[in-house]
Every structure is written in C-alpha cells, then in structure tokens.
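Residue numbers (my numbering): 3 to 263.
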Amino acid sequence: MSTESKEPVNREPPLKELIEHFITPVNEGYDRNHSGYPQIDGESHRVVVDGAVSNNLSLSKVDLQSLPQHVVVCALQCAGNRRHTMRTKIKEVSGVDWFDGAVMNCKWKGPLLCDVLDKAGISLPDEDRESAHVAFASYEAECQDDSWYGASISLDRATSREAEVILALEMNNEPLTISHGFPVRVVTPGIAGARSVKWLNQITVQKKESQNHYQQRDYKVLPPEATDAESAEKYWDSTPAIMEMPVNSVIAWPETGSKVH
C-alpha cells in the first residue's frame, strides 16, 4: 500500500496489484480517514436510530445480525480519487494527493438500511419527504475539520430496496477490520465513498441533509471561479454535495515509463 498521509492514515494500493483481483482483498482496499483509528468494543457498541421515526432504536451488533442479511458486491471510490492527475494535468486542487487506487470492489454483508428504517417507522409528512435525508454520524474520533464525521443521503435512496444501501458488518466474508469501519459501517453503492460512514453511531431521519463539515464544506465540485478559500466561500451553500460517481477509466498496466517487449 502507498501511504498518501500518515496523520491521519490515508493509503491506496498500487494499480498493478489492484487489478489482479475482481474482488479487492481486504488488505488492498484503500483506506480514507479524517481522524485516527478509534478503539471500539464491538460487543457494547450501539447504533441509534432517531429523528423523524415512530420508534427510536438502539441496535447492538447482535440486533443487526438478527435482521435479514443482504449481500451486495459493489465498488466504493473516494470522491477525491485521481486528484493527483487533476492537480498535475488540469488545475491545482486541495486534498489528499490520491493517485488512481482509491477505489475497491468488495463483497459487503449486513442488513438493508430500508429494513432498519421500516423497523423504526418513518414519521415524516408527505410534503417533507422529497427533500428529506437520512444522516449518518460517527462520534468515535475527533476529525480534522469537525468534532465528528457525518454525511447523509436522500430519504428516497435510503428507503429504496433497489438501491441496496446496507449497514455492513462483513467485508469479503469476514468481520470488518477497524480500518474499514468495524464494527459497522454504511455502504452506499454508486455513491461517493464519503457517504459510506465508518464506525457508525447514529442514523437520523431529518428534513434536510447533514450539516456536518464533510457534507457542507467538503466533497463538492465548486465552479472555476472558486480559486482559493476566500473566493470559494460564497459557493459552498449553493453547490450540491457529490453523490453519484461518474464512470472514468485509467490504464493500470503498463505503467508510465515501463518497457513493453
């Protein structure tokens, strides 16, 4: 693994190794963090479900395991993947200097988020549902730009069985490692990895999207006029958070400068 930063740890595998497997091995999956690794007791850990619900829930790992388990094979990709290429070929941008390996295709297992929300019961009036979000929070470690990590997705996606959003307990048939979100993380297929919150503590049904820094002041594509922090300020609120990830491709092998015989 290539380490792009040490505090916090952010690392990616060499592309040559990444393409050797259709299912990315756990130890070759990219690792994106905005904080250090927390220390979590998986047996006592709880995920609270609250907000606009009929029944507040406090779910242990055993509770989550007792729900119908769903398996989804999907890619997770950091919203900043290939930032080095953008920085060197197009324009200077801020953030971790990812090359091309901040993406992984893995087998995830856990209950569907829609089943958990059904258990809690959504109690929003119809007029609020279109703009409503389901927010995810991890309070396990203080982050670089906020005291906790948060993100959200639309209520429509969160409650869609076809969207296959799950609360993952396993990765490639093994319990999650701490670097990949032990004991439970959100997995949002097709959505930027920033919304797949690791070390999940809380799920909140609410009328608007998460107000956390990483939803409001990061992981957005600002217009070209935003050339520095000062000029960017007026665009943050009007620019939507990155959700769907576009299809892009890279030649993984041979590498630049390699000799082919």
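We put the CB at the ideal spot given by N, CA and C, even for glycine.
DSSP three-state assignment for residue i, whether helix, strand or coil
i    : result
C145 : coil
A153 : strand
T206 : strand
M247 : coil
D128 : helix
N12  : strand
A254 : coil
A160 : helix
Outcome for residue i when other beta-carbon atoms lying within 10 angstroms are tallied against a minimum of 16
i    : result
Q217 : buried
G123 : exposed
N233 : This sequence places Ser at residue 233; Asn is not what is there. Classification for S233: exposed.
P185 : buried
S198 : buried
A231 : exposed
D158 : exposed
S140 : buried
A77  : exposed
E235 : exposed
R163 : exposed
Residue j beta carbon less than 8 Å from that of residue i
i    : j    : result
V74  : V188 : no
A54  : I244 : no
C108 : A160 : no
S60  : R48  : yes
P113 : P177 : no
S133 : K222 : no
N214 : D148 : yes
K111 : A170 : yes
Q79  : G195 : yes
N174 : I25  : yes
I155 : H72  : no
P15  : N35  : no
D33  : S181 : yes
V252 : D102 : yes
The alpha helix (DSSP H) enclosing residue i, as first and last residue numbers
i    : result
A122 : L115 to A122
Q218 : H215 to Q218
M200 : The question names Met, but residue 200 in the sequence shown is Lys. First-last for K200: undefined, no H or E at that position.
L20  : L17 to L20
Beta strand (DSSP E) segment containing residue i, residue limits
i    : result
A234 : No beta strand (DSSP E) contains A234, which is instead part of the alpha helix (DSSP H) from A231 to A234.
F24  : First-last for F24: undefined, no H or E at that position.
S260 : Looking at the DSSP string, S260 is not in any beta strand (DSSP E), and its letter there is neither H nor E.
V136 : H135 to S140
> Which runs of the beta strand (DSSP E), 3 residues or longer, sit entirely within the region 164–197?
Replying inline: 168–170 and 187–189
> Considering only residues of the region 38–117, which uninterrupted alpha helix (DSSP H) runs meet the minimum length of 4 residues and lie entirely inside it, listed in chain order?
Replying inline: 63–68 and 85–91
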